[in-house]
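To keep things clear, I will list the structure first and then write my remarks on it.
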Amino acid sequence: MPDHIDEFESIFRRSERELFQYVEIPIRSVTIVTDDDADKASQTEAMVKAFLPRLAEAGEWRTITGSEYHTVAQLLEILDQKQTDLIITYRHLQEESLVPQHSLGVYLDVLTQTTSIPVLVLPGTAAQPVSVHDRVCDRVMVVADHISGDNRLINYGVRMCRSGGSIWLCHVEDDVAFERYMAVIARIPEIDSDDARVLIENQLLADAQEFIDNCSKVIDGEGPNITVNSFVGRGHHLRDYQALIQEHDVDLLVLNTKADDQLAMHGRAYSLSVELTDVSMLLL
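In the working numbering, each residue carries its 1-based index in the sequence shown increased by 978.
Laid out in structure tokens, this is it:
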């Protein structure tokens, strides 16, 4: 039995330790997509610039108003005509009469599936927006299933946080997935499942914490003036993130929406983006 545990330990020790690389994300152009008229779109632009002061250096801002598109294809065509580094929009564009539950709305669904451009989603919906005029983005939370090595996700989080603000790097090992793997291990008589449970859980969390500690050191030495905090644990993604957002009064949530091998938004990201409608989100 101990031989098999030694095998696990040796595998973990051989695994490559990821090191964080800080890169300043260039955001030179920003596009706001709304279903409002030009006057209200201008108000939204002013609100966004106040909320995200680190976007002030973007040299080009444009708005796409509701009269300019009436189908998803038209919106995509307009976006294709001129490159942009960031799209800012709301859930449920042009769906004032019918806001389906458990959905981002057809426009945002397609944007997150068919474009590689990051999409920042403002809280609320297009019909019932939640204003951020009284907030400044200085509390950013980066969430990931496997945060180790996810440099792009973290660099975007850093990019959005105001100088002097704080960023939380969060890694939650999903209880359901963990227990499923433990159930498989328990059926292998050659492995002591109790020892394996402790070893695997401790190592998974230690790897994530080690990577985040490295992030903090690199950002402190090379990045802007922000404080890096961490949360590493096991639990239920949605409940835990809801609690963390409330506890730290988070201004912006940053998360990946696509797996490497697919365009469609993966399940956990979709669940978070649909359920957590009262916080701004950057979907990568």
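Cβ coordinates follow ideal geometry from the N, Cα and C atoms, glycine included.
Since we're looking at a predicted model, the values are computed, not measured.
Measure the alpha-carbon distance for residue i versus residue j and round it to whole angstroms.
i	j	result
Gln1106	Leu1250	19 Å
Glu1023	Ile1010	7 Å
Leu1262	Val1232	8 Å
Met979	Glu1179	Per-residue confidence for Met979 stands at a pLDDT of 45, beneath the threshold of 50, marking its modelled position as unreliable; the derived number appears in the next sentence. Their Cα atoms are separated by approximately 18 Å.
Glu1151	Asn1192	19 Å
Ser1045	Arg1006	26 Å
Leu1033	Glu1157	42 Å
Lys1060	Val1008	11 Å
Pick out whichever of the options has its Cα sitting closest to the Cα of residue i.
i	options	result
Glu938	Arg1032, Met1259, Phe1029 and Thr1062	Given a span of 979 to 1262 for the chain in the structure shown, any question on residue 938 remains unanswerable.
Val1084	Asp1112, Val1114, Thr1092 and Val1050	Val1050
Leu1216	Asp1123, Ile1066 and Arg1069	Asp1123
Glu1002	Ile1197, Val1228 and Gly1213	Ile1197
Pro1031	Gln1224, Ser1171, Val1136 and Val1120	Val1136
Thr1041	Asp1017, Thr1103 and Ser1094	Asp1017
Ala1174	Asp1185, Met1160 and Leu1183	Met1160
Glu1055	Leu997, Thr1093 and Asn1129	Thr1093
Leu1057	Arg1117, Thr1043 and Ser1020	Thr1043
Met1138	Ile1190, Gln1181 and Val1026	Val1026
Asp1153	Arg1165, Asp1227 and Val1210	Val1210
Assuming residue i contacts residue j under a Cβ cut-off of 8 Å, what Cβ separation, rounded to an integer in Å, is found between them?
i	j	result
Leu1064	Leu1098	6 Å
Pro1101	Val1110	7 Å
Ser1144	Asn1207	6 Å
Take the Cβ of residue i as the centre, count every other Cβ of all protein chains shown within 10 Å, and call the residue buried at 16 or more, exposed below.
i	result
Thr1235	buried
Val1142	According to the sequence provided, residue 1142 is Gly. The question's Val does not apply to it. Exposed: under 16 other Cβ atoms inside 10 Å.
Ser1126	buried
Arg1246	buried
Ser1258	buried
Leu1260	buried
Leu997	exposed
Gly1199	exposed
Asp1112	exposed
Arg1117	buried
Threshold first: 3 residues or longer. Then list the beta strand (DSSP E) segments lying entirely within the region 1078–1105, N to C.
1097–1103
Mind pulling the alpha helix (DSSP H) runs of 4 or more residues that sit fully within the region 1143–1187?
1153–1164
Suppose only complete runs of 3+ residues qualify. What are the beta strand (DSSP E) ranges in the region 1036–1084, listed by chain order?
1038–1042 and 1064–1069
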